[in-house]
C-alpha cells in the first residue's frame, strides 16, 4: 500500500542554523505533497505544499523541493528560531484518492 | 481567518459506550475528512466525505464508525461501541477542492476510552 517514510525522527539545531527534513513516498501516482507543523496539543497546520508540476517552492524561510524521479521531497527551514520548535509531518496524496498519507513525523528542537 | 472547530476538546468514555465527535468545517468547503492520531504516532486517514456520502474509507473505519452531516454546518464522527484501542486524537479536516485542495485541520478531540 501507499507509504511515506520520513527522516530524521528528531532534529536538534542551534538558533540561526538550517534544518532539513526528508521524505520518500511509494505511490508513483502521488502528485500533492503538503508539510504540516504540529505544536503540542494542537492540530496539524499546513505550512507549505508542492505539486508535482514544480520542483521547488519557497515561502520566506521555508522551502520544499520535490524529486519525482526519486520519489522524495524535502523541507528546508533556514535561519531557524525557537518558535520553529514543533513536530513536522510530510504527507502525500494523489491518483484516485485525496486522502493524505502522513510520514512518521520529525520533532524539531531549536535551541537559543 | 476561517478555521475548523471541533467539540469536545476531550472526551472520556467507558469501553462499549457510544461517542459522537463534532466538527464544524470551514463554511465554503465541500470535502470533509476524519483522521486520527494515536499518541506518539503518525496521523492516519479514516474517512472522506463529499456530497452527503462517503468517498473513501480506510481499513480502520469499520462498522463501528459512521459519519454524518446532519445539517449545513456540522460534520460528525460516531463510534458505536468504543474499544480501548480507539483512544486517540481525532482530527477533522476540510477542503474546498478535491485532490489538489489544501486540507485544513481542526484542533482535535482527545478520546480516552477506559
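Residue numbers (our numbering), protein chains in the order written: chain A, -12 to 99; chain B, 10 to 123.
No residue lacks a Cβ here, since even glycine has one placed at the ideal position from N, Cα and C.
Residue i - DSSP class collapsed to helix/strand/coil
| i | result |
| --- | --- |
| residue 94 (chain B) | helix |
| residue 69 (chain A) | helix |
| residue 124 (chain A) | Because chain A here runs from -12 to 99, residue 124 (chain A) falls outside it and cannot be looked at. |
| residue 85 (chain A) | strand |
| residue 78 (chain B) | coil |
| residue 47 (chain B) | coil |
| residue 123 (chain B) | coil |
Proximal residues of chain A, C-beta to C-beta of residue i below 9 Å
| i | result |
| --- | --- |
| residue 57 (chain B) | 84, 85, 86 |
| residue 107 (chain B) | 85 |
| residue 65 (chain B) | 83, 84, 85, 86 |
Straight-line Cα distance separating residue j from residue i
| i | j | result |
| --- | --- | --- |
| residue 38 (chain B) | residue 58 (chain A) | 30 Å |
| residue 10 (chain B) | residue 36 (chain B) | 11 Å |
| residue 54 (chain A) | residue 80 (chain A) | 15 Å |
| residue 53 (chain B) | residue 38 (chain A) | 21 Å |
| residue 73 (chain B) | residue 60 (chain B) | 22 Å |
| residue 28 (chain A) | residue 116 (chain B) | 8 Å |
| residue 88 (chain A) | residue 26 (chain A) | 19 Å |
| residue 99 (chain A) | residue 18 (chain A) | 37 Å |
| residue 118 (chain B) | residue 50 (chain A) | 31 Å |
| residue 56 (chain B) | residue 66 (chain B) | 4 Å |
With 16 other Cβ atoms within 10 Å as the buried cut-off, status of residue i
| i | result |
| --- | --- |
| residue 68 (chain A) | exposed |
| residue 60 (chain A) | buried |
| residue 102 (chain B) | buried |
| residue 82 (chain A) | exposed |
| residue 95 (chain B) | buried |
| residue 92 (chain B) | exposed |
| residue 89 (chain B) | exposed |
Those residues which DSSP pairs with residue i across a bridge
| i | result |
| --- | --- |
| residue 54 (chain A) | A:59 |
| residue 57 (chain B) | B:42, B:65 |
| residue 25 (chain A) | A:74 |
Neighbouring residues, chain A, relative to residue i (Cβ below 8 Å)
| i | result |
| --- | --- |
| residue 111 (chain B) | 21, 33, 36 |
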